[in-house]
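Top line first, the protein sequences correspond to chains L and D.
Take 1 as the starting number for the first sequence in this note's numbering and just add one per residue.
Take 1 as the starting number for the second sequence in this note's numbering and just add one per residue.
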Amino acid sequence: AQSVTQPDIHITVSEGASLELRCNYSYGATPYLFWYVQSPGQGLQLLLKYFSGDTLVQGIKGFEAEFKRSQSSFNLRKPSVHWSDAAEYFCALPGGGNKLVFGAGTILRVKS
Amino acid sequence: DSGVTQTPKHLITATGQRVTLRCSPRSGDLSVYWYQQSLDQGLQFLIQYYNGEERAKGNILERFSAQQFPDLHSELNLSSLELGDSALYFCASSYGGGRFTGELFFGEGSRLTVL
């Protein structure tokens with residue numbers, strides 16, 4: 001069955017530092033992949049998605065992610081983190097039909 | 001603002017009771033999804049409706065049921081509530097027709113506390 005693993009439950013970075021959040025997937029073929037962000041007290045919002053083609057995808061808020069088939073990974077990156085990026089980040093893939101299967105999430109803390 | 005409205009935002013009730021959570025999807029969206037978010041289970045897909053019909057079912061308990069009305073709003077009914085049902089319940093919507101885009105628009109959730 002398709003699944004998503006986010007190995008890091010919490011990550012703390014300093015404001016202005018670079019960020020990489022890890023996501024590994026298990027899927028029978030090349031999957032569609034997504035990153036969502038959940039700010040405190042808010043619902044989830046789509047950051048970016050990968051369907052096919054260029055393996056480096058750009059998203060909103062300055063985020064990007066790189067699909068690496070050989071590593072079954074889809075890591076999220078940002079060159080310089082802002083305090084407003086503190087949130088929980090979820091990697092996801094289709095779970096059959098039109099639903100998404102989400103990873104456990106990574107909570108990002110930003111220290112000033 | 002995603003355009004998805006959920007009510008109530010917070011709900012406190014007792015074990016054994018029944019509650020109804022309501023969701024109004026984004027204008028033009030035909031699909032509604034319900035997810036449960038809890039500390040131990042994470043984000044779990046419960047059920048999806050498309051234009052009034054059940055489209056997909058996930059880890060939804062028999063004590064829970066949902067429906068989507070002709071005006072496309074949806075309700076999630078939770079009955080015989082147990083302590084373990086305490087969670088944040090999200091509704092999400094998407095157009096649902098044509099190619100699956102994976103872009104779901106989430107409401108802010110309804111936080112249910114069962115005492």
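All residues carry an ideal CB built from backbone N, CA and C; glycine is no exception.
Exercise. To which residues of the same chain is D/R18 closer than 8 angstroms at the C-beta, ignoring the five residues directly before and after it?
Worked result: N77, L78, S79, S80 and L81
Exercise. Does the distance from the C-beta atom of D/S27 to that of D/V4 stay below 8 angstroms?
Worked result: no
Exercise. Counting Cβ pairs, one atom from each stretch, are 3 or more of them under 8 angstroms apart for the region 65-84 of chain L and the region 23-31 of chain L?
Worked result: yes
Exercise. Whose Cβ in chain D lies nearer than 7 angstroms to the Cβ of L/F102?
Worked result: G42 and L43
Exercise. With C-beta atoms as the reference, is D/G109 less than 8 angstroms away from D/Y89?
Worked result: yes
For this session: Measure the CB-CB distance between D/S20 and D/E54 and report whether it falls below 8 angstroms.
Result: Checking the displayed sequence, the identity of residue 20 of chain D turns out to be Thr instead of Ser. Not closer than 8 angstroms, so no.
Problem set entry | 6 angstroms Cβ shell around L/P94 - same chain, five flanking residues per side excluded | Y32
Exercise. Three-state secondary structure (DSSP) at L/K113?
Worked result: This structure cannot speak to residue 113 of chain L, because chain L is shown only from 1 to 112.
Exercise. What does L/G53 reach in chain D if we use C-beta pairs closer than 7 angstroms?
Worked result: Residues of chain D passing the Cβ test: none, with the nearest at roughly 15 angstroms.
For this session: Answer yes or no: does any C-beta atom of chain D fall closer than 8 angstroms to that of L/F74?
Result: no
Exercise. When DSSP labels each residue in this structure, what does D/Q48 get in the three-state scheme?
Worked result: strand
Exercise. According to a CB-to-CB cut-off of less than 7 angstroms, which residues of the region 45-68 of chain D neighbour chain L?
Worked result: F45, Q48, R55, A56 and G58
For this session: Could you tell me whether the Cβ atoms of L/A86 and L/Q38 are closer together than 8 angstroms?
Result: no
Exercise. What residues in the region 12-24 of chain D have a beta carbon less than 8 angstroms from any beta carbon of chain L?
Worked result: none
For this session: Using only alpha-carbon positions, find the residue among L/Q6, L/Q42, L/I9 and L/T5 that is nearest to D/F106.
Result: L/Q42
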